[in-house]
Amino acid sequence: MRFDLDQRRIEMGVGELSAFLIGPQGSTGGGGGIWRAQLGTHWHREMREQALAEGPAQFEVAVSGELARRGWRVALSGRIDQVVLRGGAEVLREIKTVSARVPQDEAALRAEYPDYFVQLAAYRALRGGGGACELVFVEADTGLAQTVPLLAPDDALLEERLARVAEFLDLRLRSRERLRGLRYRPPFASPRAGQEQAAADLRSGLEAGDAAVLFEAPTGFGKTGVILEAALGRLRSGAFERALYLTGKSTGQLHVAQTLRAMTEPGADLSGSLPLSAWHVRNKQEHCVNGVFQCVREACRFLDGAERRWPSSGLSRFYLLDGQPRDIASLRQAGEAASICPYEITRAALAFSDVWIGDFNYVFSPDSRGLFYERPGFEPARSLLVVDEAHNLPSRAADALSHGLGADAAFAAAQGLRDAGADRRWAGEWESFARFLAGLPRTGGLGAAEEDDARIMISRLAEGASAHPVDYSEMAPEASAIIWRMPSLLGQLETLDVPRLWWSPEGRALQVTCLDAAAAVGAAVGEYGGALFSTATPGPPERFAAACGLPAMRHVRAPAPWRDGAYDVAVDVRVDTTFHERRRHLALTASTVEALHASAGPGEPIAVFFPSFAYAEAVAEAVLAAAVQPRRADLAAQGAWIEGCLGAGRALFLVLGSGFAEGIDLLGGRVRRAMVVGPALPEVNPVQKARLAALAAGGRDAAFDRVYRIPGMQKVNQALGRLVRAPGQGARVILHCRRFAEEGYARLLAPEYQGGRVVDDDASMAAWLASG
161 MRFDLDQRRI
171 EMGVGELSAF
181 LIGPQGSTGG
191 GGGIWRAQLG
201 THWHREMREQ
211 ALAEGPAQFE
221 VAVSGELARR
231 GWRVALSGRI
241 DQVVLRGGAE
251 VLREIKTVSA
261 RVPQDEAALR
271 AEYPDYFVQL
281 AAYRALRGGG
291 GACELVFVEA
301 DTGLAQTVPL
311 LAPDDALLEE
321 RLARVAEFLD
331 LRLRSRERLR
341 GLRYRPPFAS
351 PRAGQEQAAA
361 DLRSGLEAGD
371 AAVLFEAPTG
381 FGKTGVILEA
391 ALGRLRSGAF
401 ERALYLTGKS
411 TGQLHVAQTL
421 RAMTEPGADL
431 SGSLPLSAWH
441 VRNKQEHCVN
451 GVFQCVREAC
461 RFLDGAERRW
471 PSSGLSRFYL
481 LDGQPRDIAS
491 LRQAGEAASI
501 CPYEITRAAL
511 AFSDVWIGDF
521 NYVFSPDSRG
531 LFYERPGFEP
541 ARSLLVVDEA
551 HNLPSRAADA
561 LSHGLGADAA
571 FAAAQGLRDA
581 GADRRWAGEW
591 ESFARFLAGL
601 PRTGGLGAAE
611 EDDARIMISR
621 LAEGASAHPV
631 DYSEMAPEAS
641 AIIWRMPSLL
651 GQLETLDVPR
661 LWWSPEGRAL
671 QVTCLDAAAA
681 VGAAVGEYGG
691 ALFSTATPGP
701 PERFAAACGL
711 PAMRHVRAPA
721 PWRDGAYDVA
731 VDVRVDTTFH
741 ERRRHLALTA
751 STVEALHASA
761 GPGEPIAVFF
771 PSFAYAEAVA
781 EAVLAAAVQP
791 RRADLAAQGA
801 WIEGCLGAGR
811 ALFLVLGSGF
821 AEGIDLLGGR
831 VRRAMVVGPA
841 LPEVNPVQKA
851 RLAALAAGGR
861 DAAFDRVYRI
871 PGMQKVNQAL
881 GRLVRAPGQG
891 ARVILHCRRF
901 AEEGYARLLA
911 PEYQGGRVVD
921 DDASMAAWLA
931 SG
């Protein structure tokens, strides 16, 4: 589908028109997988031979033309299955293979397969109207056929589809006019030092038309507001028709939505401006109103028949009317009241929203991106992609391209298929795959023969998922989930050229781990008209660009003069905190923590950051005032724990890379002394070793940077960035490991933490502590 609002014209295939919907899509009318496609080809061939036996006939006849409706020109193209001569007159004939039994009542066929009648009515209209047309329904299993003539009332179905298209175009035109007249408040009532310059630099970067812009701004800078102001400006200018704002954490998405609402919600100062339409997309499971989350249409009363209930449901108000509540609770309540899956409200409304806020997966995960990419009218080339907290993108994209397959789930799939009466050979293949998985020992990498065997089995299982009809409503969710995963996994193996490790961490399971998603990320980003990456800790820009599969990025670094001189750093080279040496230095690490805490003064807290829980707990045994962060705490519990420790003047032991170190903004201005116990390098394991090997072509040091140093030092930079979030704040920091003085690590520190005083004995440490 392609449309030009200025020319009031849209181009689409006849098949697209016949299936065009704004609300839920029904499951009938052409689905069914490879088994139906193969039978369909067979019966089409049979019907062709039959038509030739009857007289002159043409096949796959191309047809195109324009139909004008409600001020829009709809340019259509397609191919008619057969044009036969009967009594000297042409008859247009479409052949449709169905799983239903035929013959049956024609009214039932019209109700079950309306898209087919729309398709044939469109062909008749494009051929000038009039003349005989007929649909031939062929029962897939038996080849029995039923011919149904196209009647004059069937043209009403075509008119209804054309009206849907016109309504869609009217709404897209309204969206464009809304953006052209968009007005919004500045993100800051009183800009902080550096914010106005950063905003100007970011605007220039986006307007320059570079493929991608990297916006680096420290924690607490207010980068969300700066980014939104730049993005809204580009939307208003007409450079883009939509912005996608992605971040990996739900808390970050909520902050974006709140900031955007504050900038654009109606008010006296924005009179005459239509409100911006933004949609915060929550995951599918959060929408679900069933007791068990299993998206099988036949097993869910909110999905089955939803397309028939939608027109009278009133749910179109969520995109037709301004001011409708869009929180997840309101969507669930509205969907439940209308007996329609709430997720369908989100799917329908996205097409008419100007800003989409959501997770990385909606662009970078093949299993999730359909929500965005299947919306009518969505074109990445006319969209601005914003990726916030972008330092997490390479690893998140790799995770989305990785798969775990366990023996127990495979056995459950085999049994589920048998219970559902599926093809015995396919169920047997699942049984064989389950036994293969059960026999895998713990290994850091499969041998070449085993990997080949696994690939062949995955291919057969994926083909079976499309080739054999199954009533998945009779199966457990875990069993159907692994079956559905196979076609996606096979598609990724065949189409995405990324390095992978085939291994079994614990035995009885297979992990197919993506080692580097750069190629896939770069391909996805390359589709967009513009891309903006934002982070406080990108590492070297050229290395970050390489990790995203891009040749280069325009680097915009936000000035933050209030951070200059805000950190007083000591690099403690007395200790080696590498895994094999840290235990030897535990006593010195503990005494340093005690000395730092004592230097802070009575009742004043300090923060100590560790690479792991085990390391923190080992040191905590020797530190009286230590409080180790709790494991697996939710956001509310994290905040309560930190508040309690700050109030009690404790030494907070935090783990680098955790939500306490990265996601909590309670330390700024309240913790003025901190210590980082070593870089938080990823653990050495088969995946990291394989990643090193996969990146070796770029040089050994560059590979070590990508796999170990940069991720480890990013966590250090993120943690320290939380300590100074506003003018007037400052912190004294001990970088406790000799590696921090090495060039390979020191250059990866943020500029504010570089050039610290090197402490090489107890006396110099005592002197530094006393100096502050």
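Residue numbering for the sequence shown follows my numbering, starting at 161 and increasing by one per position.
All C-beta atoms in this analysis are idealised placements derived from N, C-alpha and C, irrespective of residue type, glycine included.
Treat the numbers as computed from the prediction; the structure is a model and nothing was measured.
Between the alpha carbons of Val416 and Leu404 lies a distance of about 11 Å. Per the DSSP secondary-structure output, Met172 pairs in a beta bridge with Leu236. Going by C-alpha positions, Ile870 is about 6 Å away from Gly699. Around the beta-carbon of Glu220, fewer than 16 other beta-carbon atoms lie within 10 Å, marking it exposed. Straight-line measurement puts the Cα of Leu649 at about 18 Å from the Cα of His628.
Assigned with DSSP and collapsed to three states, Val515 falls in strand. Residue Leu366 holds the alpha-carbon nearest to the alpha-carbon of Leu388 among Leu366, Pro378, Asp429, Ala886. For Glu367, the uninterrupted alpha helix (DSSP H) run begins and ends at 355 to 367, by DSSP. Bounds of any alpha helix (DSSP H) do not take in Asp487, whose DSSP letter is neither H nor E.
Here the alpha carbons of Arg833 and Glu781 stand approximately 21 Å from one another. Ala428 sits exposed, since fewer than 16 C-beta atoms from the chains shown fall within 10 Å of its C-beta. The residue among Gly291, His447, Phe478, Ile488 with its C-alpha nearest the C-alpha of Ala508 is Phe478. Here DSSP, grouped into helix, strand and coil, assigns Met161 to coil.
With a threshold of 16 other beta carbon atoms within 10 Å, Val844 falls short and is exposed. Taking the Cβ atoms as the reference, Cys708 lies roughly 7 Å from Leu553, within the contact range of under 8 Å.
For Pro536, the closest C-alpha among the options Phe163, Arg742, Val768, Tyr913 is that of Phe163. Counting the other Cβ atoms within 10 Å of the Cβ of Val452 gives fewer than 16, which makes it exposed. It is roughly 28 Å from the alpha-carbon of Asp865 to the alpha-carbon of Gly725.
Spanning the alpha carbons of Ala760 and Ala677 requires a straight line of approximately 45 Å.
Residue nearest to Thr655 within the set Ala680, Arg542, Ser626, Ile642 is Ala680 (criterion: CA-CA distance). In this structure, Phe400 keeps its C-beta atom at 8 Å or more from the C-beta atom of Leu245.
With 16 or more other Cβ atoms from the protein chains shown falling within 10 Å of its own Cβ, Phe520 counts as buried. Sixteen is the threshold: since fewer than 16 other Cβ atoms of the shown chains lie within 10 Å of the Cβ of Ile616, the residue is exposed. Secondary structure note for Phe864: its alpha helix (DSSP H) is the uninterrupted segment 860 to 864. By the criterion of a C-beta distance shorter than 6 Å, Val258 is surrounded in its chain by Phe297, once the five residues flanking it on both sides are discounted.
Judged by pairs of C-beta atoms under 8 Å, the segment 852 to 868 does not touch the segment 911 to 926, as fewer than three such pairs exist.
Between Arg578 and Ala587, the gap from beta carbon to beta carbon is short of 8 Å. In its chain, beyond the 5 residues on either side, Lys256, Leu295 have a beta carbon closer than 6 Å to the beta carbon of Tyr276. Between Pro184 and Ala498, the C-beta gap is not smaller than 8 Å, which leaves the two residues out of contact. Burial is judged here by how many other beta carbons sit within 10 angstroms of a residue's own beta carbon; Asp301 has fewer than 16 and is exposed. Cα atoms of Val515 and Gly607: separation of roughly 47 Å, rounded to the nearest angstrom.
Taking a contact as a CB-CB distance under 8 Å, the pair Thr424 and Leu436 counts as one, their CB atoms being some 4 Å apart. In the displayed model, Glu320 falls within a helix according to three-state DSSP. With respect to the 8 Å criterion, Phe769 and Leu692 are not classified as neighbours on the basis of their beta carbons. Runs of the alpha helix (DSSP H) spanning 4 or more residues and lying entirely within the segment 575 to 642 occur at 584 to 598, 608 to 627, in chain order. If only complete runs of 3 or more residues are kept, the segment 719 to 785 shows the beta strand (DSSP E) at 727 to 732, 766 to 770, in order along the chain.
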